[in-house]
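Remarks on the structure that follows.
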Amino acid sequence: MNARQGFVGQKVERREDARFLTGRGQYTDDITLPGQTYGVFVRSPHGHARIRKLDTKAAAAAPGVLGIFTGEHFKAVGGLPCGWLINSLDGKPMVEPKHPVLADGKVRYVGDRVALVVAETLEQAKAAAAMVDVDYEELPAVVDAAKAVGFKAAVHDEAPNNQCYHWGIGDKDGVDAAIKGAAHVTKLSFRNNRLIPNAIEPRAANASYDVNADSYTLYVANQNPHVERLLMCAFVLGIPEHKMRVVAPDVGGGFGSKIYLYGEETALVFASKQIKRPIKWTADRSEAFLSDAHGRDHVTTAELALDKDGRFLALRANTTANLGAYLSTFASCIPTILHATLLAGQYKTPKIWCEVTAVFTNTAPVDAYRGAGRPEATYLVERLVETAATEMKLDPAEIRRRNFITEFPYATPVGLTYDTGDYNATLKRAVELADVAGFGKRKAASEAKGLARGIGYACYIEACGIAPSSVAGALGARAGLFEAGEVRVHPTGKVTVFTGSHSHGQGHETTFAQVVADKLGIPMEDVDIQHGDTGKILFGMGTYGSRSIAVGGTAIVKALDKIITKGRKIAAHLMEAADSDVVFEGGQFKVAGTDKAVPFASVALTAYVPHNFPHDKLEPGLNENAFYDPSNFTFPAGSYICEVEVDKATGAVRIDRFTAVDDFGNVINPMIVEGQVHGGLVQGIGQALLEHGVYDDGSGQLLSGSYMDYAMPRADDMPSFQVETVKGTPCMHNPLGVKGCGEAGAIGSPPAVINAICNALGVKDVPMPATPHTVWKAARAAA
Amino acid sequence: MGAITLKVNGSTVTREVGPQTLLSEFIREELRLTGTHIGCDTAQCGACTVHVDGVAVKSCNMLAVQAAGKSLTTIEGLAAADGTLHPMQAAFRACHGLQCGFCTPGMVMSAVDLVKNHGVKSEAQVREALDGNLCRCTGYHNIVKAVMEGAKAMA
């Protein structure tokens, strides 16, 4: 390919595909080390119980067993930390009970880790795990967020009322007054259903200890290996960070569930030093259902006050968020910082108040899952807006247009400042593409077949590219949220780029190479992207919240700028010109206004063979790194329109058409961006129609604990999509003008689907997931 | 333990296997062909799909001893000897029918089986035929596109 074509903005096929398509990917479970042993976890069969007795003697004597580890081994080390401090309205910090690596006298959810059994083979470890004798005294289990406060048993002694925090944001009095005096108030109460992430690669880890170097290596299916290392070393095991290497190799999907530091890999690392052999653990799917951090699970009441013309006056939301049995790594910030701050949506609602009660229950920990707080916020806002339009007999597009923010920058009443956007443009395009004008005809055709047809809108906004560290810190983050990048130019002009972002499906090896090749004016083949190894990469905060291109990509651009600056000085020396006269264009350093030029590769060679070199001004070599801390979030936004056909007799819903128009700012690779939207849409439609993490109210058993019980979206559940990315409004504060696209689909689609079903049935609400039974009941009730 | 002999990606292989060893475990642990993935424990996800005598099989649903005397093709055996991708692999690449790559080997093996043994008739039929393969990344949109393109290329 010609270096001057420009790769950015092109559909470039992915370079990672060659290994994935031929079975040569290297996922954690594919790695088997010399002397490999296998770990199996003994897990709680009860939702809530005291451990009366834990007897490992018989198991320890079983064939092949090398070690058994229990809570006793971890008494002296820290618990798994939570990375975000939330303070309650009364000023008190959130309740942070210890999150033990292995259960410490009590189990708090089905699947809670009780013991780790290590043996020569997986079969031996499984057999011995079944011989670990645990005597439980069962305690009452609470699973429903709405019932947690005031429940007869406390999940943690430190939180007798099961409350972690009670937090609020906005202008409570102003909102109360505005709602009182409003011409119209729309009110909804609903649940945002619990989801189980289900990356198709289950979590896995392989930990080893090197006696000679007194150091550890951990292979782990993880989205942010440096964060994993920092948390495990500094907060839990006390291992010096430089004595630990964390490698996240090919990772088979994350969606949030592989951000966190889990007890499993922590226990493996600890045990690997005890038995002095590598230990591999791979979750089976049943374990993944029980023990991966889940998503959503909010119980919400929300009101929108409007004037007689449908202009929004105020929004009030009250949410109870289920955090599960323990605080997972980022659990506390999801229903607060990533949820309540998004409640302005795309609208100039002048007053907003949101309060959040976060509770402990006897369920798996709940943390970020694709969208993380922003889907819950968008569902809340867009269900209210559409319902208000119906109640006030206004066109759903028109009510939105009347309330869109049109001037930027715009400071919302809940803490964010949107830098740019054009919400009218995405809505206009979506209305065209979805052929809203033809809806009436299609509705009549459906009715002729005995089917109801409905249309639903959702106009979402999300805050991505998390975050300015200083802002995050002021809001309670216990970590910085920058990204690091390093550009290593080799003597021949070939380039290796090291990024702190991590790809687990996003295609960074391709997209980042497009950016680098363009910037340096070299072929993509000359650029290699490395990620996922703390032994190679200087630092990284990892990939989540659609931050990779906006933050990780910008860090690389900043490092490239330094390379070019140094290259210009070297080239000026070679061409006997002033530094300021040298420009870099199309892979050549040129003296402006002359035909003198030196190619990039010659400058690289000079940097490493510095015979004729400005030693008085520069060091040899051409290697630069950069850390980038953004000055604001990015704000992708879009308009989604869903059209459904509903059979009222059976409750079956068929999505007839789904149109998604997004403004992601500048787009590096439209093929990859569209793929991200498709995947997000199916996760969001899955939430709306199919998926539901359900615990039994009495026993705390997970009822949806396998693919036989948890309805994963399958190919024949889904339609093809109409997806378009508008030219849009480039982000104002990063050099690539990019915003992030990973979560949009999952954020915008659930309210669009539910709005369409409500429209078809002529009902105010249908709970998620809108299964045939649920829809049938709603249709019957409306009849 | 007993010995089984079978053809694996064109080569004859003889190995000792236990009576309880699943074909999927045999492929991954004994043959070290780690392109066949395991994504569930209820024969639902399809990540472990291989071809046994030319027919797609979820290898977690078959014992290794049942493969004795049969011809096994895994994802590693699909491309030509010179590395040229099978038309279905090439279609997945061109259509961006994969993201994290974990479901991909099973998805491709199912797709090849569909085209060879049943034929591709419509988008709806492709969607129905892929019902036994779960993907969490792509939303299936581009997988369906890839299978239809791959079918054309295989014709």
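Residue numbers (our numbering), protein chains in the order written: chain W, 1 to 783; chain U, 1001 to 1155. Even glycine gets a Cβ: it sits at the ideal position worked out from N, Cα and C.
Quick one, which of the options has its alpha-carbon nearest residue i's?
i: W/V694; options: W/P278, W/D297, W/F69, W/G238; result: W/D297
i: W/G64; options: W/G47, W/G78, W/G71, W/Y38; result: W/Y38
i: W/E386; options: W/L433, W/D419, W/E303; result: W/E303
i: W/A49; options: W/V155, W/E585, W/N424, W/N734; result: W/V155
i: W/A550; options: W/A467, W/K566, W/E509; result: W/A467
i: W/T56; options: W/A129, W/E398, W/P751, W/P93; result: W/A129
i: W/S706; options: W/G700, W/I522, W/D284, W/G263; result: W/D284
i: U/T1042; options: W/C731, W/R52, W/M708; result: W/M708
i: W/P396; options: W/E743, W/V653, W/C642; result: W/C642
i: W/Q124; options: W/P197, W/V114, W/E138, W/F41; result: W/F41
i: W/W797; options: W/A213, W/G174, W/C333, W/Y165; result: Chain W is shown only over 1 to 783; residue 797 of chain W falls outside these bounds and no answer can be derived.
i: W/R277; options: W/T319, W/S286, W/T217, W/F664; result: W/T217
i: U/T1036; options: W/Q26, W/P45, W/S44, W/R43; result: W/Q26
i: W/H508; options: W/Q530, W/G521, W/I522; result: W/Q530
i: W/E287; options: W/E391, W/V143, W/L702; result: W/L702
i: W/I754; options: W/V738, W/K11, W/T771; result: W/T771
Quick check: residue i and residue j, are their CB atoms within less than 9 Å of each other?
i: W/V603; j: W/L622; result: yes
i: W/A578; j: W/G485; result: no
i: W/G745; j: W/V677; result: yes
i: W/E16; j: U/G1083; result: no
i: W/F330; j: W/Y260; result: yes
i: W/L475; j: W/M541; result: no
i: W/G313; j: W/P350; result: According to the sequence shown, residue 313 of chain W is Leu rather than Gly. Contact: yes.
i: W/A317; j: W/M94; result: no
i: W/H99; j: W/L327; result: yes
i: W/P614; j: W/N666; result: no
i: W/G532; j: W/V247; result: yes
i: W/G793; j: W/A637; result: Nothing about residue 793 of chain W can be read from this structure; chain W reaches only from 1 to 783.
Using the C-alpha atoms, what's the distance from residue j back to residue i?
i: U/K1145; j: W/C758; result: 31 Å
i: W/L195; j: W/E691; result: 6 Å
i: W/S503; j: W/N193; result: 28 Å
i: W/E619; j: W/V516; result: 23 Å
i: W/E432; j: W/F658; result: 13 Å
i: W/G97; j: W/A325; result: Checking the sequence, you will find Pro at residue 97 of chain W rather than Gly. If you take the alpha carbons of W/P97 and W/A325, they lie about 10 Å apart.
i: U/G1150; j: W/I169; result: 53 Å
i: W/G761; j: W/D292; result: Here residue 761 of chain W turns out to be Leu, not Gly, going by the sequence shown. Computed Cα separation, rounded: 36 Å.
i: U/C1095; j: W/E674; result: 11 Å
i: W/M1; j: W/G586; result: Confidence at W/M1 is low in this model, with a pLDDT of 36, below 50, so its placement is unreliable and the value that follows should be read with caution. Looking at the two C-alpha atoms, the distance is approximately 14 Å.
i: U/V1013; j: U/T1005; result: 6 Å
i: W/V269; j: W/Q346; result: 46 Å
i: W/R4; j: W/D518; result: No answer about W/R4 holds up, because its pLDDT of 45 lies below 50 and its placement is not dependable.
i: U/L1114; j: U/V1120; result: 7 Å
i: W/F721; j: U/E1029; result: 40 Å
i: W/F408; j: W/D419; result: 6 Å
i: W/E724; j: W/S580; result: 43 Å
i: W/L21; j: W/I200; result: 16 Å
i: W/A234; j: W/H226; result: 12 Å
i: W/E382; j: W/G521; result: 45 Å
With DSSP as the reference, label residue i as helix, strand or coil.
i: W/I668; result: coil
i: W/P396; result: helix
i: W/R429; result: helix
i: W/D561; result: helix
i: W/I747; result: helix
i: W/N224; result: coil
i: U/M1109; result: helix
i: W/M232; result: helix
i: U/C1060; result: helix
i: W/M575; result: helix
i: W/V673; result: helix
i: W/Y109; result: coil
i: W/H156; result: coil
i: W/E200; result: In the sequence under discussion, the amino acid at residue 200 of chain W is Ile, which differs from the Glu named in the question. Here W/I200 sits in coil by DSSP.
Note to self: Could you check whether the segment 1134-1148 of chain U touches the segment 1099-1115 of chain U, counting it as contact only if at least three pairs of C-beta atoms, one from each stretch, sit closer than 8 Å?
What the structure shows: yes
Check: Using 8 Å as the threshold, is the segment 460-467 of chain W in touch with the segment 55-74 of chain W, meaning 3 or more CB pairs across them?
Finding: no
Notebook entry, point to check: With a cut-off of 8 Å, do at least 3 Cβ pairs link the segment 204-219 of chain W to the segment 23-38 of chain W?
Noted result: yes
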